[in-house]
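Those protein sequences? They're chains A and B, same order as listed. First residue of the first sequence? That's 312 in this note's numbering, and the numbers climb one at a time after it. First residue of the second sequence? That's 312 in this note's numbering, and the numbers climb one at a time after it. Backbone N, C-alpha and C define an ideal beta-carbon position, used for all residues, glycine too.
2 protein chains.
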Amino acid sequence: MTIDQFFPVWDQLAPQQRELISASAASRTVSRGTLLHSGSADCVGLFLVRAGQLRAFILSDEGKEVTLYRLFSRDICLFSGACMFSQLSFDIHVEAEEDSLLWVVPPMVYQQLMERSAPLANFTNQLLSGRFSEVMWLLDQILFRRFDSRLAAFLLEESAIQGTDDLSITHERIARHLGSAREVVTRMLKYFQSEGMVSLSRGTVRLTDRAALSALAG
Amino acid sequence: MTIDQFFPVWDQLAPQQRELISASAASRTVSRGTLLHSGSADCVGLFLVRAGQLRAFILSDEGKEVTLYRLFSRDICLFSGACMFSQLSFDIHVEAEEDSLLWVVPPMVYQQLMERSAPLANFTNQLLSGRFSEVMWLLDQILFRRFDSRLAAFLLEESAIQGTDDLSITHERIARHLGSAREVVTRMLKYFQSEGMVSLSRGTVRLTDRAALSALAG
């Protein structure tokens, strides 16, 4: 996977601009569980995900986590270069959820290019709007959906990501994604099991009635 | 207040670009309570607030409202031109919270200019980042703060906006801002009153201990 594939506007960049991105991008291999970015004071640069899976989340003072969104192959993580956006004033954390292969573009390089290139600035606008939409979806879920609906939506999403109905995931980990407590997740999963929607065993959740889960997810 | 004052990058636009914005902007007077924008299907254009106050909020299927942020004189509302951002997929509603005077810039005009002008596209990036930060603040409040803390923060913010410690606001209206129920707001305000932080009478909330409210707001 080459670097031009990340940028639909690659053809609209000048040759020396393309060269600057290619030459300044550093390759980085990270293993599952690595914390890659931590809060707005941290400004490593743009992460271009070549392979693997990243997770962006927020963290409370008490250490409670809530997943904002995931990044997959071909995705770009802007907020690991938060210092490029002077009006940005929130703290996001990014970890590798799988072993991953990244390119890291230095924030000063990207910012310099964006200031001069209308296509790159407009592309960045679209990236920002996309992430904004994911966070608005989450806000809607948290404000207006019940916990059973959020859990059902999470299990279906996780099944799509893992590509199987047999999820390898602990109740603790589900709780961290949803900003809930392990006990609350366990209680709800047991209710799902009693309704025939899932089957539980140690460290796994098997989806046994996707239609019912979809109806619940809304 | 002239239109160039809304755009810190005005000097970096070409004369014909400035002319296009000035010539296409329509003046609009709206009275308090007017719904100006409703969801992403609605794409009236950018609102430039010359005077007054707008409120952006989200709405559940059951009609529950939650305030996202307010717009004051010199602020620009991007999402009333949501169609400019192809990756934007959420519904925001905007109402005039006071009698207001606006300029409305057609979305096609702004989008066309933004596509060609790197300064305007970067300025738009900063606007997006600012709104994103306000929504992230709200998400943090909802996920990690208790209701008493959110209510105290709201009363202090409202006092700053109205410029007085005597707030003219009903419990019903506070509930709509915070996405809560009137009964819950009334109960908490009565508790605040018993602690000497506010004094309640019909249609008004007087702040009587700002220090205690600030401590609670965190």
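Just to make sure I have the definition right: I need the residues of chain A whose C-beta is within less than 9 Å of the C-beta of Trp448 (chain B). Which are they?
Ser400, Phe401
Quick check on the DSSP output: the beta strand (DSSP E) that includes Thr519 (chain B) runs from which residue to which?
Careful: Thr519 (chain B) lies outside any beta strand (DSSP E) and carries neither H nor E.
DSSP state of Thr497 (chain B) mapped onto helix, strand, coil
Looking at Thr497 (chain B) - three-state DSSP - the assignment turns out to be helix.
Going along chain A in order, which residues have a C-beta closer than 7 Å to the C-beta of Val377 (chain B)?
Chain A residues near Val377 (chain B): Leu454.
Using a 10 Å radius around the Cβ and a threshold of 16 neighbouring Cβ atoms, would you call Ala486 (chain B) buried or exposed?
buried
Quick check: Glu426 (chain A) and Asn433 (chain B), are their CB atoms within less than 8 Å of each other?
yes
In whole angstroms, give me the CA-to-CA distance for Leu324 (chain B) and Ile332 (chain B).
10 Å
Take Asp459 (chain B) as the anchor and find which of B:Ser428, B:Ala352, B:Phe503 has the nearest alpha-carbon.
B:Phe503
Hey, does Met530 (chain B) have any beta-carbon neighbour from chain A nearer than 8 Å?
There is simply no residue 530 (chain B) to check, as chain B begins at 312 and stops at 529 in what is shown.
3-residue-minimum beta strand (DSSP E) runs that sit fully inside the stretch 359-408 of chain A, ordered along the chain
364-370, 376-383, 404-407
Neighbour-count burial assignment, Thr347 (chain A), 16 or more Cβ in a 10 Å radius
First, the residue type needs correcting, since residue 347 (chain A) is Leu and not Thr in the sequence shown. Its Cβ being crowded by 16 or more others within 10 Å, Leu347 (chain A) is buried.
Does the count of Cβ pairs from the stretch 353-361 of chain B and the stretch 438-456 of chain A closer than 8 Å reach three?
no
Please name the residue, chosen from A:Gly374, A:Asp322, A:Leu424, that lies closest to Leu357 (chain A) on a Cα-to-Cα basis.
A:Leu424
Within the same chain, show all residues whose beta-carbon is closer than 6 Å to that of Trp321 (chain B), passing over the 5 residues directly before and after it, in chain order.
Asp315
Reducing DSSP to helix, strand and coil, say where Asp451 (chain B) ends up.
helix
Measuring only between beta-carbons, confirm whether Ala352 (chain B) sits less than 8 Å from chain A.
no
What does the Cβ neighbour count give for Pro326 (chain A), buried or exposed, with the cut at 16 atoms within 10 Å?
Looking at its Cβ environment, which holds fewer than 16 other Cβ atoms inside 10 Å, Pro326 (chain A) is exposed.
According to DSSP, Asp477 (chain A) sits in a beta bridge with which residue or residues?
Partner(s): A:Arg517.
Quick check on Thr313 (chain B): does DSSP put it in helix, strand or coil?
coil
Around the C-beta of Arg343 (chain B), are 16 or more other C-beta atoms found within 10 angstroms, so that it is buried, or is it exposed?
exposed
On a Cα-Cα basis, can you pick out the residue from B:Glu373, B:Ser411, B:Leu489, B:Cys388 that is closest to Val341 (chain B)?
The alpha carbon of Val341 (chain B) has as its nearest neighbour, out of B:Glu373, B:Ser411, B:Leu489, B:Cys388, the alpha carbon of B:Ser411.
Looking at the strands, I want to know which residues DSSP matches up with Arg442 (chain A).
In DSSP, Arg442 (chain A) forms no bridge with anything.
I want to verify the contact list: residues of chain B whose CB lies under 7 Å from the CB of Met312 (chain A), in sequence order.
Residues of chain B passing the Cβ test: none, with the nearest at roughly 22 Å.
Do the stretch 415-422 of chain A and the stretch 368-386 of chain B touch if we need at least three Cβ pairs shorter than 8 Å?
no
Reducing DSSP to helix, strand and coil, say where Leu347 (chain B) ends up.
Looking at Leu347 (chain B) - three-state DSSP - the assignment turns out to be strand.
Take Val516 (chain B) and list the residues in its own chain whose beta-carbon comes closer than 7 Å to its own, dropping the five residues that flank it on each side.
Correct list, in chain order: Leu466, Leu478, Ile480, Leu500, Val509.
What do you reckon, are the CB atoms on Val377 (chain B) and Gly529 (chain B) nearer than 8 Å?
no
Is there a Cβ from chain A that is less than 8 Å from the Cβ of Gly392 (chain B)?
no
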